[in-house]
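Student:
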Amino acid sequence: MRFRFILIFQAIFLLPFVVQAQKKAEFKEQRILILLDGSSSMLNEWAPGKTRFKAASDIISRLIDSVYQANAAVEFSLRVYGHEHPVPEQNCFDTRREVMFSKNNLTQMELRLESLQPRGVSPIAFSLKRAAEEDFTDERDYSYSLILITDGGESCGGDICDVVQTLLDKKVQFKPYIISLVDYAPLKDQYACLGSYLQISKPAEMTPVINTIAEAYRKILAIPVAKPKIVAATPSPKPLPVKIVPATPVVPKTDTVVERITMTRPAPVAKKDTVPAVTVKKDIPVPPVQSAPEKPSNIKVESGMFARENLSSLHSSRAVKLSNISWALGRIPSRKTSRIAVPAPPPDSVIITIERPKPTPPAVPKTQPPANPKPASPKNEKIAEYTMTREQSTQTTLQVYFTNGKGRFYSSTPRMLLVDPKTNKVVHKFFRTIDANGNPDPREVPPGNYDVRYESNPSLVSKNITISPDNNQKLVILVHNSGLKFEYTGNPNRPVKEYVANVKRLFDNSASVDQPCETIREYEPGNYHIEIPGTLPQIRRNLDLEFDKVFVIRIDEPGKVQFTNAQSLGKVALFYQHGDQMERFYNINISGNREGQILELVPGPYEARYQGKIVPFTVKSNQTTDIELK
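Sequential numbering from 89 applies to the sequence shown in my numbering.
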């Protein structure tokens, strides 16, 4: 009965919390991550006058617009892979989140896509892993989905299906979509474990595929509207006749008089001894005492004879009553006793007890707790001056502005770090994002006193910044220009005198700048496209130059290839590894003249193709590779 009462009590007490948790799980906001291929093969032509990367950008814009028609509250984010490091570097960790999850960010998405440039390889499995760990982080409040847009497969040896099984399946609520920009059937099998495979290899296929995805999301993302049930008005109840009975006066009860009687307890009567007295009339002779014969005794002493009484006499039916509450006493189990026969010692035996001193344990030195490590700040700190204003708000938020102090504000989007000045531990971090007008988005942060640092440049710091609760803090930080320099990989002491780089800031009407690669030049923060003419194949980079930092572009020292053919062979096409495929970049005429058959190339894998034959070869820095084409 008591157990049943406890169960009922727990059910009644916990029911509101269960209902609340269920309601919380039912209303999740929707988030869609777009994972975009930024490898070098996306520069190939998709349609006349349009690259695959531009086609992917158009698909993203139309998809977002279609989804917003069903639910404008959906949050989109953009992650790109293979766009920061060129193919020769073979960087299989090249992935970055370019646009944070936010609502109504179509314009921001389009602007960011315009600034990106494909250039590297395709670490798809690693990018999916990063997305699961860094982008899909709040499954309690959000439902996540994924759209992958690519023109090929994994080029870094990663296992896409393993990432899906171990990480992604637990994070994504809706089955992902894979949009392929090429007509290549084996890709469908490679992505079967990830999600639904769709193909847009020509302009005519774009609209049907977008409609298919948008319609599927429309069913999932549509906001249900509750229609109240109309209840007809009920007629007023008719008055019922009520018979009034006169009240009968209540006669109060008289108190009962209790007569008190005093009784005297009788004195106890002493009990008389009934044992008769014994009278000794004469002395009784005492016989002489004789010693017992010397032989061992056969008497056995049983230890069980002195066992304590069995305690099992307490009954479970007995109860102790206290304040009208009773607890039943359970039966105490009887203690088992063992009987051991101990022979008595011989009569003349003597027991000698020798107490041995206990060995003294070796002294163990006390372990001292490790000293508290002193907080370490980055070396060569550079203090960034700032001003801050506050305004009342319903939340505690922070807006970060970057300016040169001369009326120019920058749109850089670094990752900000709020650091405890006492422990130098990161308390909170977030990406600075901006809207279509270039204004920073307010970011919700915890109140407190912090040093503000930057993940890409931790030596730059703004100190003693106080975040007040229920205020929007506008932090304006004074920053300076970036620097750009060039170095040879593994040989920074060798000046890069052989080349002059062409540097062009995107979304800027100013002319491009020719920078000799042996010099250091300052630039305003922004996104830049950099080309190095004279390199073969030509080196291209896309770089976000941030303030108060010198960025270094490293170039591999070139190598040479020598075609040793002494007979004329005609034109030979040379291909280099561009993303996950080989691309032609140069034609050489093999005439039999060795002096005219030597080229200086960027290190990496190549192919020579002629007369239906393919000859692979590799060029290494500061080495000459001899090849004879047969």
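For glycine and all other residues, C-beta sits at the position ideal for the given N, C-alpha and C.
Are three or more beta carbon pairs between the stretch 135-142 and the stretch 150-160 nearer than 8 Å?
Tutor: no
Student: Report all residues from its chain with a CB closer than 6 Å to the CB of Leu201; omit the five preceding and five following residues, and keep chain order.
Tutor: Ser145
Student: What does the alpha-carbon distance come out to for the pair Lys551 and Thr485?
Tutor: 18 Å
Student: Under the three-state reduction of DSSP, which class applies to Tyr156: helix, strand or coil?
Tutor: helix
Student: Could you tell me the alpha carbon to alpha carbon distance between Asp50 and Met130, rounded to whole angstroms?
Tutor: Residue 50 is absent from the model: the chain starts at 89 and stops at 718.
Student: Would you call Asp239 buried or exposed, if buried means 16 or more other Cβ atoms sit within 10 Å of its Cβ?
Tutor: Buried, since its Cβ has 16 or more Cβ neighbours within 10 Å.
Student: Would you mind working out which of Asp636, Tyr230, Lys592, Tyr305 sits nearest Ile618, comparing C-alpha positions?
Tutor: Lys592
Student: What do you get for Glu227, buried or exposed, if any count of 16 or more other CB atoms within 10 angstroms of its CB means buried?
Tutor: exposed
Student: Between which two residues does the alpha helix (DSSP H) harbouring Pro704 extend?
Tutor: Pro704: not part of any alpha helix (DSSP H); member of the beta strand (DSSP E) spanning 701-707, first to last residue.
Student: Which whole-angstrom value is the C-beta distance of Pro557 and Pro530, which I expect to be below 8 Å?
Tutor: So it is not a contact: roughly 14 Å between Cβ atoms.
Student: Taking the straight line between their C-alpha atoms, what separation do you get for Phe518 and Met504?
Tutor: Between the alpha carbons of Phe518 and Met504 lies a gap of roughly 5 Å.
Student: On the premise that Val209 lies in contact with Cys244, defined as a C-beta separation below 8 Å, what is that separation, rounded to the nearest angstrom?
Tutor: 6 Å
Student: Using the C-alpha atoms, what's the distance from Asn492 back to Arg629?
Tutor: 26 Å
Student: Closest by CA to Ala160, which one among Leu194, Val168, Phe181?
Tutor: Answer by Cα proximity: Leu194.
Student: When the Cα atoms are used, what is the spatial distance from Ile471 to Val549?
Tutor: One Cα belongs to Ile471, the other to Val549, and the distance between them is close to 5 Å.
Student: Based on DSSP bridge pairs, tell me the residues matched to Pro604.
Tutor: Val588
Student: Could you tell me the boundaries of the beta strand (DSSP E) in which Pro274 lies?
Tutor: Note, Pro274: premise wrong, no beta strand (DSSP E); alpha helix (DSSP H) at 274-278.
Student: What does DSSP give as the partner residues of Gln196 in its beta bridges?
Tutor: Bridge partners of Gln196 according to DSSP: none are assigned.
Student: Count the other CB atoms within 10 Å of the CB of Asn412; is the residue buried (16 or more) or exposed (fewer)?
Tutor: In this prediction, Asn412 scores a pLDDT of 46, lower than 50, which makes its location untrustworthy; the coordinate-derived value is nonetheless stated afterwards. Asn412 comes out exposed.
Student: Is the stretch 498-514 in contact with the stretch 652-659, if contact means three or more CB pairs nearer than 8 Å?
Tutor: Segments in contact, no.
Student: From the DSSP output, which residues share a beta bridge with Phe574?
Tutor: Ile641
Student: Using the rule of at least 16 other Cβ atoms within 10 Å of the residue's Cβ for burial, across every protein chain shown, is Glu532 buried or exposed?
Tutor: exposed
Student: Phe164 lies in the beta strand (DSSP E); which residues open and close that run?
Tutor: 163-169 is the span of the beta strand (DSSP E), which, as asked, contains Phe164.
Student: With distance defined between alpha-carbon atoms, name the residue in Tyr265, Val251, Tyr498 nearest to Asn525.
Tutor: Of the candidates Tyr265, Val251, Tyr498, the one whose C-alpha sits nearest the C-alpha of Asn525 is Tyr498.
Student: Lys217 and Leu255 look like a contact to me (Cβ under 8 Å); what is the Cβ gap, rounded to whole Å?
Tutor: Beta-carbon to beta-carbon, Lys217 and Leu255 are separated by about 6 Å, close enough to satisfy the 8 Å threshold.
Student: Which word fits Ser127, buried or exposed, when buried means at least 16 other C-beta atoms lie within 10 angstroms of its C-beta?
Tutor: buried
Student: In whole angstroms, give me the CA-to-CA distance for Glu163 and Ser190.
Tutor: For Glu163 and Ser190, the distance between alpha carbons rounds to 5 Å.
Student: Mind checking who Gly536 pairs with in its DSSP beta bridge?
Tutor: Ile555
Student: Beta-carbon separation of Arg496 and Asn560 under 9 Å?
Tutor: no
Student: Using the rule of at least 16 other Cβ atoms within 10 Å of the residue's Cβ for burial, across every protein chain shown, is Lys112 buried or exposed?
Tutor: Any reading at Lys112 is ruled out, since the residue's pLDDT is 42, under 50, leaving its predicted position unreliable.
Student: Please state the DSSP three-state secondary structure of Gln480.
Tutor: strand
Student: Is the distance from the Cβ of Gln665 to the Cβ of Tyr698 below 9 Å?
Tutor: no
Student: Per DSSP, which one or two residues make a beta bridge with Lys659?
Tutor: Asn677
Student: Note down the Cα distance separating Gly246 from Pro264, rounded to an integer number of angstroms.
Tutor: 19 Å
Student: Quick test of the definition: if touching needs 3 or more C-beta pairs under 8 Å, does the stretch 606-613 touch the stretch 644-652?
Tutor: no
Student: Apart from the five residues just before and just after Gln487, which ones in its own chain have a Cβ nearer than 6 Å to its Cβ?
Tutor: Pro528, Pro530, Lys562
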